[in-house]
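Heads up: the structure comes next, in structure tokens.
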Amino acid sequence: MYSLPALLTSLEKEAHIWIAFTGKHYNSALLTWYESLLSEYEQKKYNDLYFRRHRKSYLISHALLRATLSFYVNTLPEELGLSYDSYGRPKIQKPGEIPGICFNLSRTRGVAACLISSSSHAGIDVESTLNLVDPEIMFRNVLLPNEIESLEGLGGDSLKRRFLAYWTLKEAYVKATGKGLSIPLTQFSFKLNPDGYAQVTFTPPLADNPLRWQFAYFGVTREHILAVALRKTETTDKNIKIFEVIPGSERPRPWDSYSLTF
């Protein structure tokens, strides 16, 4: 395991994914501390959520973000200030902007995930098969013909997981660009490799260079698929490391292996 001060240095060759399972039991004292970490902006977002499950997921994901960033900037989570731009994207405000750190947050039913990278543009997305009732309805709005063809012969959970591999890769890319869903998801497609990496092809009018990007996707559980998009600063890909943690209550646990679960 890394010493925490070494985390920042390791970003030269690595990207780090931090995962918290929000469906686990969290004691009330820990959840109360999580709520105390929220900014005024985050507190309003939290208060607007109606269902208890959604509120707990929001609390844990934002505690994960603060606890994770505190490892890299050498400060306590409660002393870390975040501000948000007009698109709702957070940036470090206190103790000051940290050069060389890009971060992104995603959450879905049961899982919160935070990506930390030195890439100038980085995005992460995690999704649950439990949120998919009929993925075939979504195909025409998300996938291109070559991607749809790769789903032929699949059914049930295998179909959902493969579809979510495409979906999360596309979401991670548009998050990394900072343009969100203003980029149509049918203007680029992916080829999925068995090793968890993916190649992108851009379709006009979307003009981007595939060689400038690194993409990877993972099966976090049988129900959860996660993908990352990293804009490359050099020709070699970054090693991607995954850590599991309960924010504020234990040392991070590195994952030595993970499965695509397809």
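Residue numbers (the working numbering): 245 to 506. The beta-carbon is built from N, C-alpha and C at its ideal position, and this holds for glycine as well.
{"Query": "Taking the alpha carbon of Asp401 as the point to measure from, which residue in Asn291, Pro498, Asp378 and Asn390 has its own alpha carbon closest?", "Result": "Asp378"}
{"Query": "Mind reading off the beta-carbon distance from Val370 to Thr412? Whole number of angstroms is fine, and I expect it under 8 Å.", "Result": "7 Å"}
{"Query": "Would you report the Cα separation of Pro449 and Leu425, rounded to the nearest angstrom?", "Result": "15 Å"}
{"Query": "Taking the C-alpha atoms as reference points, what is the distance between Arg456 and Tyr270?", "Result": "40 Å"}
{"Query": "Would you say the stretch 292-300 touches the stretch 321-330, given that touching needs at least three Cβ pairs under 8 Å?", "Result": "no"}
{"Query": "Would a C-beta distance cut-off of 8 Å place Ile368 and Val472 closer than the cut-off?", "Result": "yes"}
{"Query": "Whose C-alpha, out of Ser362, Glu279 and Ser272, is nearest the C-alpha of Tyr316?", "Result": "Ser362"}
{"Query": "Measuring straight from C-alpha to C-alpha, what distance separates Lys289 and Thr373?", "Result": "25 Å"}
{"Query": "By how many angstroms is the C-alpha of Tyr410 removed from the C-alpha of Leu429?", "Result": "10 Å"}
{"Query": "Going by the DSSP bridge assignment, what does Val472 pair with across the sheet?", "Result": "Ile368 and Ala460"}
{"Query": "Does Ser350 pass the burial test, meaning 16 or more other C-beta atoms within 10 Å, or should it be called exposed?", "Result": "buried"}
{"Query": "Three-state secondary structure (DSSP) at Leu349?", "Result": "strand"}
{"Query": "Just the C-alpha distance for Phe446 and Glu391, rounded to the nearest angstrom, thanks.", "Result": "13 Å"}
{"Query": "Measure the C-alpha to C-alpha separation of Phe462 and Lys435 and round it to an integer number of angstroms.", "Result": "14 Å"}
{"Query": "Are the Cβ atoms of Ser327 and Cys346 separated by less than 8 Å?", "Result": "no"}
{"Query": "Once DSSP output is grouped into helix, strand and coil, what is the label at His269?", "Result": "coil"}
{"Query": "In the structure shown, what three-state DSSP assignment does Tyr441 receive?", "Result": "strand"}
{"Query": "Would you give the residue range spanned by the beta strand (DSSP E) that Phe315 belongs to?", "Result": "Taken as a continuous stretch (DSSP letters only), Phe315 belongs to no beta strand (DSSP E), being part of the alpha helix (DSSP H) at Arg296 to Val317."}
{"Query": "Which residue spans inside the stretch 392-422 form an unbroken alpha helix (DSSP H) run of at least 4?", "Result": "400-421"}
{"Query": "Within 10 angstroms of its Cβ, does Ile469 collect 16 or more other Cβ (buried), or is it exposed?", "Result": "buried"}
{"Query": "Within 8 Å, do at least three Cβ pairs link the stretch 255-263 to the stretch 471-491?", "Result": "yes"}
{"Query": "Count the other CB atoms within 10 Å of the CB of Lys273; is the residue buried (16 or more) or exposed (fewer)?", "Result": "Reading off the sequence, residue 273 comes out as Ala, not Lys. Counting Cβ neighbours within 10 Å, Ala273 comes out exposed, since fewer than 16 surround it."}
{"Query": "Below 6 Å CB to CB, which residues in the same chain sit around Lys496 once its five sequence neighbours on both sides are set aside?", "Result": "The amino acid occupying residue 496 in the given sequence is Pro; Lys does not appear at that position. Cβ neighbours of Pro496 beyond the five flanking positions: Phe487 and Val489."}
{"Query": "How long is the line joining the alpha carbons of Ser314 and Leu252, rounded to whole angstroms?", "Result": "11 Å"}
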